[in-house]
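Below is one structure, written out as structure tokens; the observations come after it.
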Amino acid sequence: MDNLHIHINNDETATHCSTCNEQIAPGSRFCKYCGAAQIQECYTSSSEEKWIAIKQLGLFFVIDAVICCIAGFTDFFKSFTWHVTIDILLASCAVFFFFYNWRSTRSLLNWKSFSITKLLFYCLSAILASFTVSFVVGWLNRALFSKVFSYYAFYEDLHHGKLIMISFIAVMPALFEEIGYRGFLLQKLLQVVDKKQAIFISAFLFAIMHTSFISLFWLIPFGLYLAYIRMKENTLWYGVCVHFCFNFTVCMSEFYRLEHLYRH
Amino acid sequence: MDLTTTTTTNQITNCASCFNQINQDDAFCTSCGYPLKGSEEEQKNFIMEKNTKEIYLEEENRQIKKSGYALYYIAAATFLSGLILYGTSKNPEIKSTLLLVNTVLAVIYAALGFWSKWKPLAAIISGSALYALVFILNAVTSPLTIFSGIILKIFIVVNFVRGIQSAIRADKLRKDLNIG
Numbered sequence: 116m117d118n119l120h121i122h123i124n125n126d127e128t129a130t131h132c133s134t135c136n137e138q139i140a141p142g143s144r145f146c147k148y149c150g151a152a153q154i155q156e157c158y159t160s161s162s163e164e165k166w167i168a169i170k171q172l173g174l175f176f177v178i179d180a181v182i183c184c185i186a187g188f189t190d191f192f193k194s195f196t197w198h199v200t201i202d203i204l205l206a207s208c209a210v211f212f213f214f215y216n217w218r219s220t221r222s223l224l225n226w227k228s229f230s231i232t233k234l235l236f237y238c239l240s241a242i243l244a245s246f247t248v249s250f251v252v253g254w255l256n257r258a259l260f261s262k263v264f265s266y267y268a269f270y271e272d273l274h275h276g277k278l279i280m281i282s283f284i285a286v287m288p289a290l291f292e293e294i295g296y297r298g299f300l301l302q303k304l305l306q307v308v309d310k311k312q313a314i315f316i317s318a319f320l321f322a323i324m325h326t327s328f329i330s331l332f333w334l335i336p337f338g339l340y341l342a343y344i345r346m347k348e349n350t351l352w353y354g355v356c357v358h359f360c361f362n363f364t365v366c367m368s369e370f371y372r373l374e375h376l377y378r379h
Numbered sequence: 090m091d092l093t094t095t096t097t098t099n100q101i102t103n104c105a106s107c108f109n110q111i112n113q114d115d116a117f118c119t120s121c122g123y124p125l126k127g128s129e130e131e132q133k134n135f136i137m138e139k140n141t142k143e144i145y146l147e148e149e150n151r152q153i154k155k156s157g158y159a160l161y162y163i164a165a166a167t168f169l170s171g172l173i174l175y176g177t178s179k180n181p182e183i184k185s186t187l188l189l190v191n192t193v194l195a196v197i198y199a200a201l202g203f204w205s206k207w208k209p210l211a212a213i214i215s216g217s218a219l220y221a222l223v224f225i226l227n228a229v230t231s232p233l234t235i236f237s238g239i240i241l242k243i244f245i246v247v248n249f250v251r252g253i254q255s256a257i258r259a260d261k262l263r264k265d266l267n268i269g
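Chains A and B, in that order, are what the protein sequence lines are. Just so we're aligned, residue 116 is where the first sequence starts under this note's numbering, counting upward by one. Just so we're aligned, residue 90 is where the second sequence starts under this note's numbering, counting upward by one.
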């Protein structure tokens, strides 16, 4: 049964009724004096508020999905100008929903738990994961679809192509996907479901939104990891750094591979 | 339910509502909030209210189950359409990819349907998001797919919406009943 919204007052020190303030035994579900339920909801929202939250989540998801599908699966928007426009649209959507829920999301911009060791650990794990994923996905693409996929092919004709590729693949997604998915979406989901379910849903939606079949297998664990870090550290910034390191490593390994190929 | 055992004697050891052990001095059961020292009417009302909520909860659970089944239907339909596409497509490269993608999608839908037994809200939200994305993707690539099987699509969407609403109401009822 789903008992995840209910946190029974099991704390040994908190032995007073939340309604009448009489002393009660630790772990009591109800006060023995006044009968009031001793439950604390993590996020007190009524059924109506939950439904409104779901509708808002749905709107965000549909807007994102329509933009991503149109950009990825129609030939009309393949130019660089459209690519920039689509990225700006997606970023604006994430920022709009984030600021629309400013009261609940603003605390995520704090970085109270900053620790250089943690940051290095998270970033290093992202870099290692990125290398592994690049290797496995490259192999899968060759084995299943007999093709070599390159991000750089899209940017190579541009002036400062590498720099532009890094900004559009490493910097922008790291910032705006975190704001959208670990910022707005995860925070809103917490009004509806408990922490574990919110982490799963946000990771699942994040993964399917990329509309890439092979990527699904590593995007779900990656989404789970990012959402877990965001929940554990209560800040967006570790996630932004991890996401950046992951995508930046993808860019760098592609540059390295291309140079290696050119040399031989 | 035998209410007299809890109202008249002093040797009560178990609550008449939830049957958990209670302390004789308590005015309310610490497990379910039953008014141990309340009037007979208060006790009857408590039990009645609890029973009503339990009936509502059962109804909501039935709707949640239906939405879980909808995920299985989609899984079966996705797999079937994968097979049909595989059989009818003339391009050998595309047809195996289509079958693979549809099979994986079907497995995901089925897994979400299975998961909906334990975490219905999360499973239905994830399932409907995937369904919506596939719908949008199909609509963008070939707009005519919007209208194919529209009645079934509406039925599925309505089922998902009802499932989510029921799961929310069931959460509230479980919280009221303090069960988990």
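Using N, Cα and C, we set each Cβ at its ideal position, and we do this for glycine too.
| query | result |
| --- | --- |
| Opening and closing residue of the alpha helix (DSSP H) in which B:Gly122 lies | It is not in any alpha helix (DSSP H) - B:Gly122 carries neither H nor E in the DSSP assignment. |
| Three-state secondary structure assigned by DSSP to B:Ala105 | coil |
| Buried or exposed by the 16-neighbour rule on C-beta atoms within 10 Å, applied to A:Lys147 | buried |
| Residue-chain proximity (A:Arg257, chain B), Cβ-Cβ < 9 Å | no |
| Cα-Cα separation between A:His275 and B:Arg263, rounded to whole angstroms | 59 Å |
| Proximity test, Cβ basis, 9 Å: B:Thr141 and chain A | no |
| Residue span of the alpha helix (DSSP H) that contains A:Tyr267, given as start and end | Tyr267 to Tyr270 |
| Partners in chain B for A:Ile185, counting only beta-carbon separations shorter than 7 Å | Val229 |
| Listed by chain order, chain D residues near B:Leu226 by CB distance under 7 Å | Chain labels in this structure do not include chain D; the protein chains are A and B. |
| Where A:Glu156 falls, given that 16 or more other Cβ within 10 Å makes a residue buried | Only weak support exists for where A:Glu156 lies, its pLDDT of 48 falling under 50; the value from the coordinates is given anyway. With fewer than 16 Cβ atoms within 10 Å of its Cβ, A:Glu156 is classed as exposed. |
| Helix, strand or coil at B:Gln113 [DSSP, three-state] | coil |
| Short CB-CB distance (under 9 Å) between B:Lys208 and chain A | yes |
| Coil, strand or helix - A:Glu156 by DSSP | Its pLDDT being 48, under 50, A:Glu156 is placed unreliably by the model, and the measurement read from it follows with that caveat. DSSP places A:Glu156 in strand when its eight states are reduced to three. |
| Residue burial classification, A:Thr350 (beta-carbon count within 10 angstroms, cutoff 16) | buried |
| Residue from A:Gln153, A:Tyr343 and A:Ala140 with nearest C-alpha to A:Ser133 | A:Gln153 |
| Reduced DSSP secondary structure (H/G/I, E/B, other) of A:Gln171 | helix |
| Under 8 Å from the C-beta of B:Phe117: neighbouring residues of chain A | Phe145, Cys146, Lys147, Tyr148, Cys149 and Gly150 |
| Those runs of the beta strand (DSSP E) which lie wholly inside the region 173-226 of chain A and span at least 3 residues | none |
| Counted within 10 angstroms of its Cβ, other Cβ atoms place A:Asn124 as buried (16 or more) or exposed | Caution applies to A:Asn124, whose pLDDT of 44 falls short of 50 and renders its modelled position unreliable; the value that the coordinates give is listed next. Under this definition A:Asn124 is a buried residue. |
| For B:Trp204, the first and last residue of its enclosing alpha helix (DSSP H) | Pro181 to Trp204 |
| Bridge partner(s) assigned by DSSP for A:His131 | A:Gln138 |
| Cβ-based neighbour list, B:Ile214, same chain, cut-off 8 Å, excluding 5 preceding and 5 following | Ile253 |
| Classification of B:Gln132 by the beta-carbon crowding that lies within 10 angstroms, buried from 16 upward | buried |
| Three-state secondary structure assigned by DSSP to A:Phe359 | helix |
| Within chain B, the residues that A:Val181 reaches when beta carbons sit closer than 7 Å | Ile225 |
| Bridge partner(s) assigned by DSSP for A:Phe145 | A:Ala152 |
| Where B:Leu321 falls: helix, strand or coil (DSSP) | The structure shown does not extend to residue 321 of chain B, since chain B is modelled only from 90 through 269, so no value can be given for it. |
| Contacts of A:Ala140 in chain B (Cβ-Cβ under 8 Å) | Thr119 |
| Member of A:Phe337, A:Phe299 and A:Ala180 whose CA lies at the smallest distance from the CA of B:Leu226 | A:Ala180 |
| Collapsed DSSP secondary structure at A:Trp352 in the structure displayed | helix |
| Meets three-Cβ-pair contact criterion under 8 Å: the region 131-149 of chain B and the region 165-180 of chain B | no |
| DSSP state of A:Ile329 mapped onto helix, strand, coil | coil |
| Alpha carbon of A:Phe283 to alpha carbon of A:Phe370, nearest angstrom | 15 Å |
| Chain-ordered chain A contacts of B:Gln254 [CB-CB under 7 Å] | Trp166 |
| Per-residue DSSP class, three states only, for B:Lys208 | coil |
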